[in-house]
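Asks: Numbering (our numbering), first residue to last: 1029 to 1360.
For glycine and all other residues, C-beta sits at the position ideal for the given N, C-alpha and C.
Input: one structure, supplied below.
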């Protein structure tokens, strides 16, 4: 009798819009995007949209920069706004822009380059709403607009996230979360770049005609994540441990574990680990795995406001120099 495993490593690379799976936030990336159960504020817009309703802030503004796969020349910049609109409801608006640098144009006739360059870019805009339904249950929905362009080709798509968080115990120390991300219709590239000019054979004057080739549709990288976390209160601080399992539609499933220490909400240090489900084989389906870490400094600016700086490093395969992220948070 054969054994079946979850995940779809055979489909790795067959989905599009992989940017939808990239965590732009340094704070949560520092412990492996593990905190699906306890994420709040801007981190929740990526990890579990339900968590934006669990924040105790009225307003949060964040800016982030990520040096993606150092050595590849890819940068990601983003900004997020979290705004409380009622005692139980919170809105979010976020933007992430990807810059892939300049690529040299080559052709069949000029394989060494034509001297021209192109600059591929991608953009994600997300709009979310979450609400506190009971003393213990939070839920939310996030809408994402995805756009990508490369020279004379472009694509646009829309997808949705939905999530729930459950918090209980003294000071909500136990948390459980589940989220389904990137659910939406297939999309395809369009544009003049699919035009092919070919000579038309005739008995008279030769001429050429442009034919338009078709692009196959591609699916979005749907992901289901389930996580839990627990807080241990210690002298002058708190230790949080978290676990998460992610079932991926287009790569191997992943396991995440992380721990964070917070000193009086003034300084946090965190570390995490990400592992793939390699029971079927040992082949990697992502450049990101292994150890990650990060820290945050929080400076109070008023009774309720603060300014914070976050940093994280994510380990990658030897082909790249890791991933560095830095962010600033303005809490009001």
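What span of residues does the alpha helix (DSSP H) with residue 1201 cover, start to end?
Replies: Numbered from its first residue, the chain shown carries residue 1201 at position 173. According to the DSSP assignment, residue 1201 belongs to no alpha helix (DSSP H), since it is labelled neither H nor E.
Asks: Once DSSP output is grouped into helix, strand and coil, what is the label at residue 1065?
Replies: In the chain shown, the residue the question calls residue 1065 occupies position 37. Reduced to three states, the DSSP call for residue 1065 is coil.
Asks: How about residue 1095 and residue 1128: do their beta carbons lie closer than 8 Å?
Replies: As a position in the chain shown, residue 1095 is number 67, starting the count at 1. As a position in the chain shown, residue 1128 is number 100, starting the count at 1. It is not a contact, given that the beta carbons lie outside the stated cut-off.
Asks: Report the CB separation of residue 1426 from residue 1059 in whole angstroms; it is logged as a contact under 8 Å.
Replies: Look at the range of the chain in this structure, 1029 to 1360, and you will see that residue 1426 is not part of it.
Asks: Could you tell me which of 1194, 1301 and 1139 sits nearest to residue 1164, measuring between CA atoms?
Replies: Position 136 of the chain shown, counted from the first residue, corresponds to residue 1164. Measuring from the Cα of residue 1164, the nearest candidate turns out to be 1194.
Asks: Assign residue 1292 to buried or exposed, taking buried as 16 or more other Cβ atoms, counted over all protein chains shown, within 10 Å of its Cβ.
Replies: Position 264 of the chain shown, counting from 1, holds the residue named residue 1292. With fewer than 16 other Cβ atoms within 10 Å, it is exposed.
Asks: Figure out for me which residue from 1197, 1213 and 1055 has the closest Cα to the Cα of residue 1353.
Replies: Stepping through the chain shown from its first residue, residue 1353 is reached at position 325. Cα-wise, what sits closest to residue 1353 is 1055.
Asks: Helix, strand or coil for residue 1244? Go by DSSP, reduced to three states.
Replies: Here residue 1244 is taken as the residue at index 216 of the chain shown, counted from 1. It is coil, neither helix nor strand.
Asks: The ligand MN and residue 1211: does any heavy atom of the ligand fall closer than 7 Å to the residue's C-beta?
Replies: The ligand MN is not part of the structure shown, which contains no ligands of any sort.
Asks: Classify residue 1052 as buried or exposed, calling it buried when 16 or more other Cβ atoms lie within 10 Å of its own Cβ.
Replies: On the chain shown, position 24 is the one that residue 1052 refers to. Here residue 1052 is buried. Its C-beta has 16 or more other C-beta atoms within 10 Å.
Asks: Less than 6 Å between C-beta atoms, sequence neighbours within five positions excluded: which residues of the same chain meet that for residue 1285?
Replies: The residue labelled residue 1285 in the question sits at position 257 within the chain shown. Closer than 6 Å at Cβ, skipping near neighbours: 1271 and 1301.
Asks: Just to confirm my understanding: we take residue 1140, look at its own chain, exclude 5 residues before and 5 after, and list those with CB closer than 8 Å. What are they?
Replies: What you label residue 1140 is simply residue 112 of the chain shown in a count that begins at 1. Taken in chain order, the residues that qualify are 1134.
Asks: Report the residue ranges of all beta strand (DSSP E) runs contained in full by the stretch 1220-1298; include only those spanning at least 3 residues, in chain order.
Replies: Positions of the beta strand (DSSP E) runs, each at least 3 residues long and wholly inside the stretch 1220-1298, are given as 1223-1228, 1235-1240, 1251-1262, 1265-1276 and 1282-1291 in order along the chain.
Asks: Enumerate in chain order the residues of its own chain whose CB-to-CB distance from residue 1151 is below 6 Å, with the five nearest sequence positions on each side excluded.
Replies: Residue 1151 sits at position 123 when you count from the first residue of the chain shown. 1125 and 1175, listed in sequence order.
Asks: Hey, residue 1158 and residue 1081: beta-carbon distance below 8 Å or not?
Replies: Locating residue 1158 in the chain shown gives position 130, where the first residue counts as 1. Locating residue 1081 in the chain shown gives position 53, where the first residue counts as 1. Taking 8 Å as the Cβ cut-off, residue 1158 and residue 1081 qualify as a contacting pair.
Asks: Would you please state the rounded distance, in angstroms, between the beta carbons of residue 1214 and residue 1251? I believe it to be under 8 Å.
Replies: The residue given as residue 1214 occupies position 186 in the chain shown. The residue given as residue 1251 occupies position 223 in the chain shown. About 16 Å; that fails the 8 Å criterion.
Asks: First and last residue of the beta strand (DSSP E) that includes residue 1346?
Replies: Indexing the chain shown from 1 puts residue 1346 at position 318. Looking at the DSSP string, residue 1346 is not in any beta strand (DSSP E), and its letter there is neither H nor E.
Asks: State the CB to CB distance for the pair residue 1185 and residue 1062, rounded to an integer number of angstroms; the pair is presumed to be in contact (CB under 8 Å).
Replies: Counting from one through the chain shown, the residue named residue 1185 turns up at place 157. Counting from one through the chain shown, the residue named residue 1062 turns up at place 34. Going by Cβ atoms, the distance from residue 1185 to residue 1062 rounds to 28 Å, so no, they are not a contact pair.
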